[in-house]
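One structure is given here, and the rest of the page talks about it.
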Amino acid sequence: KKPCKLNCLIVIFVLPTDQFGNVFAPVKYDMSGNIEKLTQVYNTDLQRHGNLNDMVLLEHSTGGILATDALMWLRRALHLIQRFFELILEDNNSTGGSTEELVVFLKMAYKETLNVYHNWPLQMLFSVLSRMCPTRTKFYQIISLERCHSEAVVYRDMATFTASLRNNVEVLAAFYQDNQLEVQGKV
Numbered sequence: 001k002k003p004c005k006l007n008c009l010i011v012i013f014v015l016p017t018d019q020f021g022n023v024f025a026p027v028k029y030d031m032s033g034n035i036e037k038l039t040q041v042y043n044t045d046l047q048r049h050g051n052l053n054d055m056v057l058l059e060h061s062t063g064g065i066l067a068t069d070a071l072m073w074l075r076r077a078l079h080l081i082q083r084f085f086e087l088i089l090e091d092n093n094s095t096g097g098s099t100e101e102l103v104v105f106l107k108m109a110y111k112e113t114l115n116v117y118h119n120w121p122l123q124m125l126f127s128v129l130s131r132m133c134p135t136r137t138k139f140y141q142i143i144s145l146e147r148c149h150s151e152a153v154v155y156r157d158m159a160t161f162t163a164s165l166r167n168n169v170e171v172l173a174a175f176y177q178d179n180q181l182e183v184q185g186k187v
């Protein structure tokens with residue numbers, strides 16, 4: 001399993017989440033905070049923190065939890081985005097046509113990824129915010145960066161990005177599982 005580099009996750013983070021509206025504001029805020037925590041720990045020892053795996057294992061061996069917790073929550077947020085994109089792509093590829101309202105996919109992605117880790121108030125907050133999910137038409141405009149790309153090109157690129165994101169999420173999940181770093185509690 002390939003170690004993850006911090007700068008790779010920062011590049012992944014450059015999603016146009018601001019344009020998705022309020023629904024992704026808490027996710028982006030949480031991701032930004034976790035990237036800042038990872039960067040803070042990374043900067044304490046650049047030589048020994050060559051990749052995220054080494055940094056987390058080193059921190060864990062000394063009893064620290066800042067980077068370990070931050071990377072776990074960053075991975076969970078990325079998993080939500082990955083699953084949301086997968087559901088949109090699956091719907092786009094189905095023979096029955098494309099669903100305009102994406103809120104159902106966002107709620108499904110949340111239920112499959114973050115719901116188990118959130119307490120009731122956070123679940124209710126997500127339920128309220130999910131109503132602000134953009135429609136497929138608006139989502140397409142955002143993903144295409146409001147350029148005149150064909151839908152086929154946009155969805156092809158989205159599929160490539162999502163496959164790469166899935167790979168990173170799976171590698172991190174396996175790393176946490178293999179090293180018994182995963183925390184199952186609710187927040």
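Sequential numbering of the sequence shown, starting at 1, is according to full-length UniProt numbering. Virtual Cβ for every residue (Gly too), placed ideally from N, Cα, C.
- Residue 87 places its beta carbon 8 Å or farther from that of residue 162.
- When 98, 182, 34, 113 are compared, the shortest CA-CA separation from residue 155 is found for 98.
- Excluding sequence positions up to five before and after residue 103, its CB lies within less than 7 Å of the CB of 130, 131, 133, all in the same chain and listed in chain order.
- In this structure, residue 169 and residue 79 form a Cβ contact; the two beta carbons are roughly 5 Å apart against a cut-off of 8 Å.
- Taking C-alpha positions only, residue 118 is separated from residue 185 by approximately 8 Å.
- If you draw a straight line from the Cα of residue 172 to the Cα of residue 147, it comes to about 33 Å.
- DSSP places residue 136 inside the alpha helix (DSSP H), whose first and last residues are 136-143.
- Note that the C-beta distance between residue 158 and residue 85 is below 8 Å.
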